[in-house]
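The sequence shown runs 879 to 1153 under this note's numbering.
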Amino acid sequence: MLARAAVGSARGQRLDQLILSAAQNDTSPIADAVFPVLNTVTVPVVLILLALAAIFALARRRPSLLLQILVIVAGANITVQVVKDVVVTRTALAKDIDVTPNSFPSGHTALAISVALALILVCPARIRGLVTVLGTAWVAAAGVGTIAGGWHRPSDVLGALLVTGAWTFLLLAIDAVFALIRTPRTAEGLADPRDVGSGHGVAGTLAVLGAIAIAGGMVVLATVPTPLDLTDTGHQARSYLATVLVIPGCVGILTAAALGLRVPDQRRRPLREVA
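Rendered as structure tokens:
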């Protein structure tokens, strides 16, 4: 639906173009803040973060969790490339639209959010809240950075978040089903009380802040009159401000949902203690 609205309609293309034009002319501190973060979304950095996630999973004796996060990262990023190169095609449907190859969804954003979610799901409980906050900020800045740098349109970033979110919640649902069918009489049948509720306060805060940011962005966007004037700098500035609010808001809600829905660790204890 997002691809059809943003890529497959003249109205969606014009809105993307309006925001992209503003981003390309942006000289505000926003660009200075996000560009250094965007430059960290590289293969070496991602490999280091994935290695750290693997260490966390193995240290917690959770090889199944390691498999889960690898599926999320691989599935999301492969899906994004298939959608971009095979499924979605881009044709200019209105005047003054930049003619470019299809860029929906954003590969950089998918890479950043999938790795951030992997670390959130696998890191130890005592640092999970901090990792979630840092990961959310990293992805939000990288997502806005791809727009500020003229690499991607806003819909590209949102598309990457949707694809990665779908893979994440699919794997979380599968993990939850397996947790439900485990019998309490097994050595791994009870939830570890130290892990239950871990990070829920952070998740709630991020969800509220994310919702406020999205609502604020939509209010700002509603002030842009239609039909859109792609050359009006005032319209460009307001639409860009809305994007700078909406993108981090969506990232915050996604990381909050993943943190809140993750399945707690199962407590290891002798069978006689369970009986």
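Where is the CB? At the ideal position from N, CA and C, for every residue including glycine.
Worksheet item: Can you tell which of Pro983, Arg940, Ser887, Ile1092 has its C-alpha closest to the C-alpha of Ile1025?
Response: Pro983
Fill in: Outcome for Asn903 when other beta-carbon atoms lying within 10 angstroms are tallied against a minimum of 16
exposed
Worksheet entry | Identity of the residue in Ala1134, Arg939, Ile956 nearest Phe1047 by Cα | Ala1134
Practice prompt. Taking only the alpha-carbon atoms, compute the straight-line gap between Gly1021 and Leu944 and give it to the nearest angstrom.
Written response: 26 Å
Discussion item. Using a 10 Å radius around the Cβ and a threshold of 16 neighbouring Cβ atoms, would you call Arg939 buried or exposed?
Written reply: exposed
Practice prompt. Identify whether Ile975 lies in helix, strand or coil by the three-state DSSP scheme.
Written response: coil
Practice prompt. State the CB to CB distance for the pair Gln895 and Asp976, rounded to an integer number of angstroms; the pair is presumed to be in contact (CB under 8 Å).
Written response: 6 Å
Discussion item. Looking only at its chain, what residues have a beta carbon closer than 7 Å to the beta carbon of Pro1071, apart from the 5 residues adjacent to it on each side?
Written reply: Reliability of the predicted coordinates at Pro1071 is poor, the pLDDT of 49 falling under 50, and the value obtained from them is presented with this limitation in mind. The answer is none, since no qualifying residue turns up.
Worksheet item: Using a Cβ-Cβ cut-off of 6 Å (strictly less than) and excluding sequence neighbours within five positions of Arg968, which residues of its own chain qualify?
Response: Val885, Asn980
Worksheet item: Whose CA, out of Pro922, Ile1125, Val923, lies closest to the CA of Leu1036?
Response: Ile1125
Worksheet entry | C-alpha distance - Ala1115 paired with Gly1127, whole-angstrom precision | 19 Å
Practice prompt. Below 6 Å CB to CB, which residues in the same chain sit around Leu1012 once its five sequence neighbours on both sides are set aside?
Written response: none
Worksheet item: What are the boundary residues of the alpha helix (DSSP H) that includes Asn955?
Response: 941-960
Fill in: Best match in Ala1120, Ala1136, Ala909, Val993 for proximity to Leu930 [C-alpha to C-alpha]
Val993
Worksheet item: Where does the unbroken alpha helix (DSSP H) through Leu1108 begin, and where does it stop?
Response: Looking at the DSSP string, Leu1108 is not in any alpha helix (DSSP H), and its letter there is neither H nor E.
Worksheet item: Going along the chain, which residues of its own chain have a beta-carbon closer than 6 Å to the beta-carbon of His1030, five neighbours each way excluded?
Response: Ser981, Ser984, Thr1024
Item to complete: Could you check if Arg892 is buried or exposed, using at least 16 other CB atoms within 10 Å of its CB as the buried criterion?
Response: buried
Item to complete: Look at the Cβ atom of Thr1010, then the Cβ atom of Ile950, and state whether they are nearer than 9 Å.
Response: no
Worksheet item: Should Ala883 be labelled buried (16 or more other beta-carbon atoms within 10 Å of its own) or exposed?
Response: exposed
Item to complete: Could you pull out every residue in the same chain whose Cβ sits closer than 7 Å to the Cβ of Ala972, ignoring the five residues on either side in sequence?
Response: Ala888, Gln891, Arg892
Discussion item. Along the chain, where does the alpha helix (DSSP H) containing Val966 start, and where does it finish?
Written reply: Run containing Val966: none; DSSP gives neither H nor E here.
Worksheet item: Is any heavy atom of the ligand PLP found at a distance shorter than 8 Å from the C-beta of Thr967?
Response: This structure simply doesn't include the ligand PLP, nor any ligand for that matter.
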